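Residue numbers (our numbering): 1359 to 2031. Cβ atoms here follow ideal geometry from the backbone N, Cα and C, with glycine treated the same way. Quick caveat, the model's predicted, so the values are computed rather than measured. Worksheet: one structure, shown below.
Here it is in structure tokens:
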């Protein structure tokens, strides 16, 4: 904002010099004075606490006595403060028993017990084979101070809590949420309170991997115990294969078996590490626990439809190249109405498949499972939702791993260079094939956000509205450098074979693993690392191998992802992201964006280091500059960094639902015809 004040506003330069000098002086005074002290919400003249309490009960659809809710939102420190103030004022001696209200400690204990018992039962029901130690760890995570305080803040309790400080501390936020659950039980019944826990606490597991929450110190020992309890033979590990000495790093793949029955496998830099990771994999498979938000390729292969483009060459942006034919893997949800005006196209991120949501052909949870569906952010009761695997991908669409029709061998590095524009144009061929003249909306996150904003520019008459999440006008140098390092790790792995490793019987596993570890660093944020890992160690020995939990986590992410995604696809698609620039061919960004006349929603996360929040602000400002009157910008306060669009269900989904359904009432009638 300071830069805008100095050089002008988003509507043009400041014409009067005195105004610039005046505002510059105000800015200097503000810097000298320092930040304003935090104020109690009650100090605002328009603050009506009773009205806020009334609104809170209706916001959650809970029938609750206002006095009960007032007690639930009253911290013990607030009562102590009142007693102290009365004493200092010389009023009659008083204590907590003489006041008309009480604090929330008893309600909080009651609510915590309800939440803890329900979460244990729910986890035991969904994961009947999961070890009790794991159930305890996940339950502890869900009711921890950091988790509950975060949920409480997102639900708006921060402004309702009465305490002795302007901004409630995490403990106060935790007590308030538990007390609210206790108040629901007090005013209704325990079943109603448990429904609240299911809706707002249990859903915090979405997108999380059990192995990230539950840190098993001796996986093989636990696996032995679990198998013995189920009448199975003790596990034994076997070395499946190992890389040669020419590898960047030594890699061993170990399998775990019980009486010749395969249980799990994994890779590692040492045999002991590979065995440990294989035991973790076996535990996960045995308990049927989720692998995380992104499904593996072999789980997706039977669930998508195929669009084949083969009537005319598809002209690519770079190097005067074309594809004579290609195919796109896509999946759909909901029903296309008679007028075909309720279609929503979701553009994916770099490594995502078309499987955004589970369905009958593939019941496995999708990467946007909690965002797409009946009554969710992208409501399939209203909309016909389409999601494709990008051209160049490896989840069913034509890419480097596909066979070249001319040679009948995989393209490898002979695949032509791609652009974000190519991704968009290819998918609009599918839209035309489906008989859809105009999309209700184009939505995307990360790379998908680039695609969604570009779709409004390339097809202004065919897109009704655009939602761009965690995206930009053009990548900034740090992001390009990070993706360059990922590509370099893959391309310097001797097993990459200049991109032609498919028929060699080798795989650039080392490079892919390290590339993913670098990527994981860019997807999350420092505040989350600090909260989740701190300086905790999983290994007490002092040596060069991993010691800290954060190291173990990165190693796990690299190992589990390395064989789920084609390295060449990562090379091609990440390079297309680096080459993306909306201003290419235009004098200014606003000139380029002036072609977009539809409403646009721009979302970003404060903790995103890959696409920093200033890039989303810049995009919104340039859209306003271009003359578009319908721009909405949301800045999300999330600790999940770039992965906010995958994990912040409440923030992202709510924004999308409001934006999409502004004009959905008229569409609903068509959907039902």
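*Among 1577, 1573, 1599, 1616, which residue has its Cα nearest to the Cα of residue 1592?*
The sequence position of residue 1592 within the chain shown is 234, counting from 1. When only C-alpha atoms are compared, the closest one is 1616.
_Selection from 1400, 1744, 1981 that minimises the alpha carbon distance to residue 1699_ = The residue labelled residue 1699 in the question sits at position 341 within the chain shown. Here the closest residue by C-alpha is 1744.
*Note down the Cα distance separating residue 1542 from residue 1781, rounded to an integer number of angstroms.*
Counting from one through the chain shown, the residue named residue 1542 turns up at place 184. Counting from one through the chain shown, the residue named residue 1781 turns up at place 423. Roughly 49 Å between the two C-alpha positions.
*What is the rounded straight-line gap between the Cα of residue 1482 and the Cα of residue 1492?*
Position 124 of the chain shown holds residue 1482. Position 134 of the chain shown holds residue 1492. Approximately 10 Å between the Cα atoms of the pair.
*How many angstroms separate the CA atom of residue 1805 from the CA atom of residue 1517?*
Position 447 of the chain shown holds residue 1805. Position 159 of the chain shown holds residue 1517. Taking the straight line joining both Cα atoms gives about 36 Å.
*Please report how far the alpha carbon of residue 1715 lies from the alpha carbon of residue 1662, in whole angstroms.*
If you number the chain shown from 1, residue 1715 lands on position 357. If you number the chain shown from 1, residue 1662 lands on position 304. Whole-angstrom Cα-Cα distance: 11 Å.
*Should residue 1916 and residue 1874 be called a contact, given that it needs their Cβ atoms to be closer than 8 Å?*
Taking the first residue of the chain shown as position 1, residue 1916 is located at position 558. Taking the first residue of the chain shown as position 1, residue 1874 is located at position 516. Yes, these two residues count as a Cβ contact at 8 Å.
*Boundaries (first-last residue) of the alpha helix (DSSP H) holding residue 1848*: One-based indexing of the chain shown puts residue 1848 at position 490. Where residue 1848 is concerned, the enclosing alpha helix (DSSP H) stretches over 1835-1849.
*asked:* Going by DSSP in three states, residue 1710 sits in which element: helix, strand or coil?
replied: Residue mapping note: residue 1710 aligns to position 352 of the chain shown, counting from 1. Reduced to three states, the DSSP call for residue 1710 is coil.
_Taking the beta strand (DSSP E) that residue 1667 belongs to, which residues open and close that run?_
Here the question's residue 1667 lines up with position 309 in the chain shown. First-last of the beta strand (DSSP E) with residue 1667: 1663-1667.
*So, are the CB atoms of residue 1830 and residue 1973 less than 8 Å apart?*
Along the chain shown, one-based indexing puts residue 1830 at 472. Along the chain shown, one-based indexing puts residue 1973 at 615. Yes, these two residues count as a Cβ contact at 8 Å.
_Cβ-based neighbour list, residue 2016, same chain, cut-off 8 Å, excluding 5 preceding and 5 following_ = One-based indexing of the chain shown puts residue 2016 at position 658. So the list is empty, once near-sequence residues are dropped.
*Residue span of the beta strand (DSSP E) that contains residue 1746, given as start and end*: Within the chain shown, numbered from 1, the residue matching residue 1746 stands at position 388. Taken as a continuous stretch (DSSP letters only), the beta strand (DSSP E) holding residue 1746 covers 1742-1746.
*Any chance the region 1459-1469 sits against the region 1535-1550, with 3 or more Cβ pairs inside 8 Å?*
yes
*Which of the three DSSP states, helix, strand or coil, is assigned to residue 2011?*
The residue labelled residue 2011 in the question sits at position 653 within the chain shown. DSSP places residue 2011 in helix when its eight states are reduced to three.
*For residue 1605, which of helix, strand or coil comes out of DSSP?*
Within the chain shown, numbered from 1, the residue matching residue 1605 stands at position 247. Its pLDDT being 47, under 50, residue 1605 is placed unreliably in this model, and the value from its coordinates should be taken loosely. Correct three-state label for residue 1605: coil.
*asked:* Below 8 Å on the Cβ atoms is my contact criterion, and I expect residue 1708 with residue 1431 to pass it. Report the Cβ-Cβ distance as a whole number of Å.
replied: Here the question's residue 1708 lines up with position 350 in the chain shown. Here the question's residue 1431 lines up with position 73 in the chain shown. Actually they are not in contact, since the Cβ atoms of residue 1708 and residue 1431 sit about 43 Å apart, beyond 8 Å.
*Enumerate in chain order the residues of its own chain whose CB-to-CB distance from residue 1399 is below 8 Å, with the five nearest sequence positions on each side excluded.*
As a first step, residue 1399 must be located in the chain shown, where it is residue number 41. Hits under 8 Å: 1405, 1517, 1524.
*Starting from residue 1622, trace the beta strand (DSSP E) both ways and give me its first and last residue.*
Position 264 of the chain shown, counting from 1, holds the residue named residue 1622. Segment 1619-1626, the beta strand (DSSP E) holding residue 1622.
*Assign residue 1754 to buried or exposed, taking buried as 16 or more other Cβ atoms, counted over all protein chains shown, within 10 Å of its Cβ.*
By 1-based counting over the chain shown, the position of residue 1754 is 396. When all chains shown are included, residue 1754 counts as buried.
*Other residues of its chain near residue 1633: CB distance less than 8 Å, five sequence neighbours each side excluded*: Here residue 1633 refers to the residue found at position 275 of the chain shown. Cβ within range, chain order: 1578, 1595, 1612, 1614, 1626.
*asked:* Looking only at its chain, what residues have a beta carbon closer than 8 Å to the beta carbon of residue 1671, apart from the 5 residues adjacent to it on each side?
replied: Position 313 of the chain shown, counted from the first residue, corresponds to residue 1671. Around residue 1671: 1680, 1681, 1682.
*Between which two residues does the alpha helix (DSSP H) harbouring residue 1584 extend?*
As a working mapping, residue 1584 is identified with position 226 in the chain shown. Run containing residue 1584: 1577-1587, per the alpha helix (DSSP H) assignment.
*asked:* Between which two residues does the alpha helix (DSSP H) holding residue 1972 run?
replied: Locating residue 1972 in the chain shown gives position 614, counting from the first residue. Start and end: 1971-1983.
*asked:* With a threshold of 6 Å on Cβ separation, who are the neighbours of residue 1435 within its own chain once the five nearest residues in sequence on each side are excluded?
replied: As a first step, residue 1435 is located in the chain shown; it is residue number 77 there, counting from the start. Contacts found: 1521, 1522.
*Residues near residue 1598 in its chain [Cβ-Cβ closer than 7 Å; skip 5 each side]*: Against the chain shown, residue 1598 aligns to sequence position 240. Excluding positions up to five away in sequence, the list reads 1611, 1612, 1613, 1623.
*Starting from residue 1705, follow its DSSP beta bridges and name the residues at the other end.*
Numbered from its first residue, the chain shown carries residue 1705 at position 347. Answer is 1802, bridged to residue 1705.
_Rounded to the nearest angstrom, what separates residue 1558 and residue 1925 at their Cα positions?_
Residue mapping note: residue 1558 aligns to position 200 of the chain shown, counting from 1. Residue mapping note: residue 1925 aligns to position 567 of the chain shown, counting from 1. Residue 1558 and residue 1925: Cα-Cα distance of roughly 38 Å.
*asked:* Within 10 Å of its beta-carbon, does residue 1695 have 16 or more other beta-carbons around it, so buried, or fewer, so exposed?
replied: As a first step, residue 1695 must be located in the chain shown, where it is residue number 337. Its Cβ being crowded by 16 or more others within 10 Å, residue 1695 is buried.
*Quick one: residues in its chain with C-beta nearer than 6 Å to the C-beta of residue 1903, no 5 flanking neighbours on either side, listed in chain order?*
By 1-based counting over the chain shown, the position of residue 1903 is 545. So the list is empty, once near-sequence residues are dropped.
*asked:* Which residue marks the beginning of the alpha helix (DSSP H) containing residue 1412, and which one marks its end?
replied: Here residue 1412 corresponds to residue number 54 of the chain shown, with the count starting at 1. That run of the alpha helix (DSSP H) goes 1407-1417.
_Among 1810, 1582, 1850, 1823, the one whose alpha carbon lies nearest that of residue 1987_ = Your numbering for residue 1987 matches position 629 in the chain shown. Ranking 1810, 1582, 1850, 1823 by Cα distance to residue 1987 puts 1823 first.
*Grouping DSSP H, G and I as helix and E and B as strand, with all else coil, what is residue 1767?*
Here residue 1767 is taken as the residue at index 409 of the chain shown, counted from 1. If DSSP states are grouped into helix, strand and coil, residue 1767 belongs with the strands.
*How is residue 1598 classed by DSSP in three states: helix, strand or coil?*
To locate residue 1598, count along the chain shown from 1; it is residue 240. Note: residue 1598 maps to strand in three-state DSSP.
*Going straight from the alpha carbon of residue 1870 to that of residue 1775, what length do you get?*
Translated into positions along the chain shown, residue 1870 becomes position 512. Translated into positions along the chain shown, residue 1775 becomes position 417. Residue 1870 and residue 1775: Cα-Cα distance of roughly 20 Å.
*How many whole angstroms separate the CB atoms of residue 1503 and residue 1532, which I take to be in contact at a CB cut-off of 8 Å?*
Working through the chain shown from its first residue, we reach residue 1503 at position 145. Working through the chain shown from its first residue, we reach residue 1532 at position 174. Confirmed, Cβ separation roughly 5 Å.
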